[in-house]
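Numbering (the working numbering), first residue to last: 190 to 648. Each residue gets a CB set at the ideal place from its N, CA and C atoms; glycine is no exception. A short write-up of the structure that comes next.
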């Protein structure tokens, strides 16, 4: 597997754009305060509108990749970003009744942007540096959010919450314009996969059934996200009940953000030779162990240790899981596979607060042991899946050693022609495709529009 030097220039450029966009994407943090403050809505109504908006976000993650597979990932990303930015700018102007439609539409577009970003990485980055590509994107996004949270608070206090929406919307529109300039119109492609006899493309259901390890990962990620997102709902309530204020919660989050920014990229590089599902499973187990510590109480040292375990688990499982789904996806369904993972990985945004909150009220002593059990079970299931079922290999880079549980027979020979440099100019998206008259040479690579029919359309 390669290093970060092998990540294409377009990915680094997109990462810069994501950093900027994330730095102004603070609407979701202050949405509830905006609804109950400047809009003057009662808490129950604000909660309902926020919940409906969350459903839009999850739906966008689950379905955004389909548009990329059908129309091209670049087009889908740009259209979704323009829609998200436009609705954010207009949101403060619409009447309350319109919020029930405009907010979920805005959040749907934001979810689709996230899914399309992942699909673009999957089809742009060479297989052997996919983990590094996803790590770069996550690092840029996390760095932006780290800057954005206090920046949003400053804007809200100096101006108004309305200014936050306008700034977020304008920032998203600028990101769309920037992405249109730096993203290649056509992406890397390899020989089409996932086709049935006669050239017909198989359904997503059949593709998933042929990849049981992916199914296990998706199910495990769904339950793990329900556990992980207690960090934003019941955990702060737990701290408050034990005498800690919001400042303590903020400092714990500073630990989370700082460790991720410092260690995620080095950890990705250091672990690049290890089997991805073993790393993912270990990360999920660490998340469970972190919450399990809370069974012992809520001292400041214990809470800090819990946050360190949770952060280590997040570093280990999120990037490799994303890259693994990309590695296993058939060429014609890369976007839809990414959407499936994107959807399950944010399902906790909607489901974790009500489920965790209800359990915390009814039986507070059961919440943390249950989180421990669910996350550890999910991690063990992922590790076992990686050992039981064979998976499509990641391509090995020069000097790297494949893990023993990979399919070594599929490694291309050392003398195979290499893929053309990713920084080289790419043909225009509208240019007619020139198809070879005969079968391509062994190891050869072709160019195809990201998500175009030449690559097998899908999300």
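Residues of the same chain with their beta carbon placed closer than 7 Å to that of residue 553 are lacking, with the five preceding and five following residues left out of the count. Under the 10 Å beta carbon count, residue 348 is surrounded by fewer than 16 other beta carbons and is classified as exposed.
Approximately 7 Å separates the beta-carbon atoms of residue 446 and residue 331; this is inside 8 Å, confirming the contact. Looking at 286, 232, 350, the one whose alpha-carbon comes closest to that of residue 278 is 350.
Secondary structure within the region 515-588: the alpha helix (DSSP H) runs of 4 or more consecutive residues, fully enclosed, are 523-533, 536-551, 553-577 (chain order). For residue 194, the three-state secondary structure derived from DSSP is helix. Residue 477 places its beta carbon 8 Å or farther from that of residue 537. Residue 273 sits buried, since 16 or more C-beta atoms from the chains shown fall within 10 Å of its C-beta. Secondary structure note for residue 419: it is in no alpha helix (DSSP H), with a DSSP letter that is neither H nor E.
For residue 245, the closest alpha carbon among the candidates 307, 335, 371, 292 is that of 292. Here the region 505-512 makes no contact with the region 540-547; the two share fewer than three CB pairs at distances below 8 Å.
The beta carbon of residue 220 is closer than 7 Å to those of 239 in its chain, skipping five residues each way along the sequence. A distance below 7 Å between beta-carbons, with the five flanking residues on each side excluded, links residue 356 to the following residues of its chain, in chain order: 213, 344. Residue 284 counts as exposed, since fewer than 16 other beta carbons sit within 10 angstroms of its beta carbon. When the Cα atoms are used, residue 316 and residue 281 turn out to be separated by approximately 43 Å.
Shortest Cα-Cα distance from residue 500 to any of 449, 321, 462 involves 449. Following the DSSP letters along the chain, one finds residue 327 inside the alpha helix (DSSP H) bounded by residues 319-347. Straight across, the Cα-Cα distance linking residue 369 with residue 267 is about 7 Å. Taking a cut-off of 8 Å for Cβ pairs, the region 320-330 and the region 252-259 do not touch, as fewer than three such pairs fall below it. For residue 221, the enclosing alpha helix (DSSP H) stretches over residues 216-225.
Taking the C-beta atoms as reference points, residue 492 is found nearer than 8 Å to residue 428.
Linking residue 459 to residue 193 through their CA atoms gives a straight-line distance of about 11 Å.
Excluding sequence positions up to five before and after residue 423, its CB lies within less than 7 Å of the CB of 545, 546, 549, 556, all in the same chain and listed in chain order. CA-to-CA, the gap between residue 515 and residue 485 works out to about 39 Å.
The Cβ atoms of residue 308 and residue 249 do not sit closer than 8 Å to each other.
In this structure, the beta-carbon distance from residue 551 to residue 416 does not fall below 8 Å.
Ranked by how close their Cα comes to the Cα of residue 243, the residues 336, 294, 310, 463 have 294 in first place. Distance from the Cα of residue 237 is smallest, within the candidate group 288, 218, 261, 467, for 288. DSSP, read as helix, strand or coil, puts residue 370 in helix. Judged by beta-carbon spacing, residue 311 lies within the 8 Å limit of residue 319, meaning their Cβ atoms are closer than that value. Comparing C-alpha distances from residue 507 to each of 396, 480, 494, 467 shows the shortest one belongs to 467. Within the region 238-313, the complete alpha helix (DSSP H) segments at least 4 residues long are 262-279, 285-313, listed from N- to C-terminus. If you ignore the 5 residues before and after residue 411, its C-beta comes within less than 6 Å of the C-beta of 533, 536, all in its own chain and listed in chain order.
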